[in-house]
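To start, the structure under review is shown below, and the notes come after it.
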Amino acid sequence: MTPYHLNFHGVGDPPPGVDQDEAVFWLTPPQFELAIDLMLAAGVPFEVSFDDGNRSDIEISAPLLKAKGVAAEFYVCSDRLGQQSYLDKADLRWLVGNGFLVGSHGCGHVDWRTCDSHTLDREIAESCRAIDDVIGRRVTAVALPFGSYDRRVLNALRRHGIERVLSCDGAPSQFASSPTPRFSLRGDLAIERQIKQVLSGRSLMRRLWQDARVCAKSSR
Ligand SMILES: [Zn+2]
Numbered sequence: 080m081t082p083y084h085l086n087f088h089g090v091g092d093p094p095p096g097v098d099q100d101e102a103v104f105w106l107t108p109p110q111f112e113l114a115i116d117l118m119l120a121a122g123v124p125f126e127v128s129f130d131d132g133n134r135s136d137i138e139i140s141a142p143l144l145k146a147k148g149v150a151a152e153f154y155v156c157s158d159r160l161g162q163q164s165y166l167d168k169a170d171l172r173w174l175v176g177n178g179f180l181v182g183s184h185g186c187g188h189v190d191w192r193t194c195d196s197h198t199l200d201r202e203i204a205e206s207c208r209a210i211d212d213v214i215g216r217r218v219t220a221v222a223l224p225f226g227s228y229d230r231r232v233l234n235a236l237r238r239h240g241i242e243r244v245l246s247c248d249g250a251p252s253q254f255a256s257s258p259t260p261r262f263s264l265r266g267d268l269a270i271e272r273q274i275k276q277v278l279s280g281r282s283l284m285r286r287l288w289q290d291a292r293v294c295a296k297s298s299r
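In terms of our numbering, the sequence shown is residues 80 to 299.
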């Protein structure tokens, strides 16, 4: 597992209806390209993922990554497929056909820690099944909505055969069974500074602190 994982939400102008809390995670196209170029220049292996299934994934991000030869994972909410400003079924097929991974971000973008067991099972099983049907292969990767999880959520994902779980914990962890941490880039902060933070994420103190935090969340 590479310790460097950049997580994006949208690139370009956020569509109407995106509130301020989410809008800060939208980057301009030059900010997005700069982030990727800085990682490429650092010469380290890194992973890239996108949450929420915004249309900018297919209109801006995926073509740019393809041109630069960078792999990426796209996590979509099945209930939003085909809605205005979101990816549709043909987009998912294009992504898979072009070598990108498509995974689940749940059905309706709800916090899984607050769901009762029935709803949690539905969120996982139905979203994966809906995406399976579109892309013609089994979905085994999930990005946690809001990065939110506890032991019950992780157990449910395991029960449903999910092999890859992505959080938003920021820094790497040494625990193999914990969700894969990601660094969510923001458009309201300097990109150079954020990438520096990503690249320094292996410092011992930060990792020890992160491991303690992830361990506490996983066992809640
Ligand atoms: Zn999300």
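Don't be surprised by glycine CBs; every beta carbon is placed ideally from N, CA and C.
Since the structure is predicted, the reported quantities are computational estimates derived from the model, not experimental observations.
- For D167, there is no enclosing beta strand (DSSP E), as DSSP gives it neither H nor E.
- Uninterrupted alpha helix (DSSP H) stretches at least 4 residues long and entirely within the stretch 130-162 occur at 141-147, given in chain order.
- Counted as a single uninterrupted DSSP element, the beta strand (DSSP E) harbouring N86 occupies residues 84-87.
- Nearest Cα to F153 within the set G161, V175, Q162: V175.
- DSSP places L119 in the helix class (H, G or I) of the three-state scheme.
- When C-beta atoms of the stretch 240-248 are compared with those of the stretch 219-228, three or more pairs fall below 8 Å, so the two segments count as touching.
- Shown here, E101 sits in a helix according to DSSP, grouped into three states.
- Two segments are said to touch when three or more pairs of C-beta atoms, one from each, lie closer than 8 Å; by this definition the stretch 153-171 touches the stretch 130-144.
- If you keep only unbroken alpha helix (DSSP H) runs of at least 4 residues inside the stretch 171-214, you get 196-214.
- Inclusion of H197 and D131 in the CB contact set at 8 Å is not warranted, their separation being larger than that value.
- At a cut-off of 7 Å, the beta-carbon of P93 does not count as near ligand 1: no heavy atom of the ligand is closer than that.
- By DSSP's assignment, E112 forms no beta bridge with any residue.
- The nearest non-hydrogen atom of ligand 1 is 7 Å or more from the C-beta of H239.
- Taking 7 Å as the cut-off, the C-beta of D130 counts as close to a heavy atom of ligand 1.
- An exposed status is given to R230, since fewer than 16 other beta-carbon atoms sit within 10 Å of its beta-carbon.
- For A269, there is no enclosing alpha helix (DSSP H), since its DSSP letter is neither H nor E.
- Here L223 carries a coil assignment [DSSP, helix/strand/coil].
- The beta-bridge partner set that DSSP reports for V90 consists of L106.
- Checking the 7 Å criterion, the Cβ of P224 is within range of a heavy atom belonging to ligand 1.
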